[in-house]
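Sequential numbering from 1 applies to the sequence shown in my numbering. Ideal Cβ positions, reconstructed from N, Cα and C, are used throughout, including at glycine. Nothing here was measured: the structure is a model prediction, and the numbers come from that model. What follows is a short report on a single structure.
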Amino acid sequence: MRMSNYKRLGDYIREVDVRNLEGREDNLLGVSVSKEFIKSVANTVGTDFTKYKTVRNTQFTYIPDTSRRGDKIGIAMYANGGTALVSQAYTVFEITDTESLLPEYLMMWFRRPEFDRYARFRSHGSVREMFDWEELCNTELPIPSPEKQREIVAEYNAVQRRIDLNNQLIQKLEETAQAIYKQWFVDFEFPNEDGKSYKSSGGEMVDSELGEIPRGWRVGALSDIANIIMGQSPEGESYNSEGNGMIFYQGRTDFGIRFPDITTYTTEPKKRAKKGDILMSVRAPVGDLNITKNDCAIGRGIASLNSKTKHNSFLFHLMLAIRNEFDVSNDEGTIFGSITKEALYQSKIIIPNNKTIQLFEDTISILDKNIELFAEQDKKLKELQSLLLSKMATIKN
């Protein structure tokens, strides 16, 4: 039985199919399972751009095909102003009366895990499961008064602004740490015994196969300073999102700079990483990095690294600096290629003396602690957002 304040979504939305007849080729976007527009990585060589659809401010785009997206539905509201291009396979729609139903309120409903479960349940098809337009229109949701909708959206956005601020602070701290790394280990302007910048104050440099380096430093392999484990995916259907088993990193899942939230688990871990290890994607496309918050399982396409001398901050920033320099093979036939075990182990790097590495570790640890603090605050704020989304089902006028 329909609750009195629940309405059929199809009474409030209509499909939009406006093609890119001008043939513009900029701002081509995809839709992620995190409910956001992302820059498209599709190969557009020889593509007829006039077939792409346009999406405008406050319009929505969703991907009807739910076969290969796990438990999430790719759907997002465009809010960047102007227009963007999306695949002709996507469905674009808009709200017919934005006074009765606020776009931001509807997007909040789409962010609910309950909506994802509903959409997956209502998906159908023999070869590919589809959550088609008719099923979307038949979705029911509570639509309170516009005043109540604005109140709910404002509360949610207040939390989001705090998350955005934290992310900006994290980015600034990351940029500061990377700038210090470059100054010390690329420009060789680390503090000497007198506290002066080494190279510019006449510090002695010697030749090496990687160019001039400070005396007392050496060239070696990455495996000389790092323990490296290549991931291996479990066999069979051991994956779940219910929290059964060990946290599982696979491919590029939720990769960022540090401390991502992972919602995939496995009951049959093959290769494991420890809390605080550096994880790097070694397949299509390579080079994404993060730091795991927990002991975890790592699948094929992930490498785990930790410092043999317990200098993980130095190792993390080293990997940031060299991640685009690895030899990438195409043995597996992937578009972007992959980093082999041998290429990772044998990669040539400049290895500073232990005193300089330790000084860097001590300096950066202060920034690291603040980054972790803001990341933990983000986690709590996202939990609050989840609570606000879950309460939407009981909203009344």
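Rounded C-alpha distance that separates residue i from residue j
| i | j | result |
| --- | --- | --- |
| Leu315 | Ala221 | 13 Å |
| Gln160 | Gln385 | 8 Å |
| Leu210 | Lys39 | 35 Å |
| Lys275 | Gly231 | 15 Å |
| Lys310 | Val219 | 19 Å |
| Thr91 | Lys72 | 16 Å |
| Asp26 | Lys380 | 37 Å |
| Gly216 | Pro352 | 7 Å |
| Asp194 | Ser200 | 13 Å |
| Leu344 | Met319 | 11 Å |
| Gly236 | Asn167 | 37 Å |
| Asp362 | Pro191 | 13 Å |
| Ile335 | Asn397 | With a pLDDT of 47 at Ile335, under the threshold of 50, the predicted position of this residue should be treated as unreliable, though the coordinate-derived value follows. So the alpha carbons of these two residues sit roughly 52 Å apart. |
| Ala42 | Ala89 | 13 Å |
| Val31 | Val86 | 9 Å |
| Tyr198 | Thr176 | 20 Å |
| Val127 | Thr66 | 11 Å |
| Lys382 | Tyr78 | 21 Å |
| Ile63 | Lys53 | 13 Å |
Whole-Å CB distance - residue i paired with residue j, under 8 Å assumed
| i | j | result |
| --- | --- | --- |
| Met280 | Ala297 | That pair is no contact at about 16 Å. |
| Ile170 | Tyr105 | Ile170 to Tyr105, Cβ: 29 Å. No contact. |
| Gly299 | Gln250 | 4 Å |
| Leu388 | Tyr156 | 5 Å |
| Thr50 | Asn20 | 6 Å |
Buried or exposed (CB count within 10 angstroms, at least 16 for buried), residue i
| i | result |
| --- | --- |
| Ser241 | exposed |
| Lys308 | exposed |
| Glu332 | Any reading at Glu332 is ruled out, since the residue's pLDDT is 48, under 50, leaving its predicted position unreliable. |
| His124 | exposed |
| Glu22 | exposed |
| Ile366 | exposed |
| Thr405 | Absent from the structure is residue 405, since the part of the chain shown begins at 1 and ends at 397. |
| Leu165 | exposed |
| Gly46 | exposed |
| Arg283 | buried |
| Gln149 | buried |
| Gln59 | buried |
Cβ-based neighbour list, residue i, same chain, cut-off 6 Å, excluding 5 preceding and 5 following
| i | result |
| --- | --- |
| Asp277 | Thr292, Ser304, Asn306 |
| Thr356 | Phe190 |
| Glu36 | Ala76 |
| Asp378 | Ile163, Asn166 |
| Lys437 | Given a span of 1 to 397 for the chain in the structure shown, any question on residue 437 remains unanswerable. |
| Ile213 | Ile350 |
8 Å Cβ shell around residue i - same chain, five flanking residues per side excluded
| i | result |
| --- | --- |
| Gly243 | Tyr265 |
| Arg117 | Asp71 |
Own chain, CB closer than 7 Å to residue i, minus 5 neighbours either side, in chain order
| i | result |
| --- | --- |
| Asp11 | none |
| Gly74 | Val31, Ser32, Val33, Tyr62, Ile63 |
#### Entry: Uninterrupted beta strand (DSSP E) stretches inside the stretch 273-322 (no shorter than 3 residues)
Positions of the beta strand (DSSP E) runs, each at least 3 residues long and wholly inside the stretch 273-322, are given as 278-281, 289-291, 296-298, 302-307 in order along the chain.
#### Entry: Runs of beta strand (DSSP E) wholly within the stretch 74-111 (minimum 3 residues, chain order)
Counting only runs that start and end inside the stretch 74-111, the beta strand (DSSP E) elements of at least 3 residues fall at 75-77, 83-86, 91-95.
#### Entry: Every unbroken alpha helix (DSSP H) inside the stretch 155-228 [4 residues or more]
DSSP runs (the alpha helix (DSSP H)) wholly in the stretch 155-228: 222-225.
### Message
Report the start-end ranges of each beta strand (DSSP E) in the stretch 121-159 that is 3 residues or longer and not cut off at the edges.
### Response
If we require 3 residues or more, the beta strand (DSSP E) runs fully inside the stretch 121-159 come out as 140-142.
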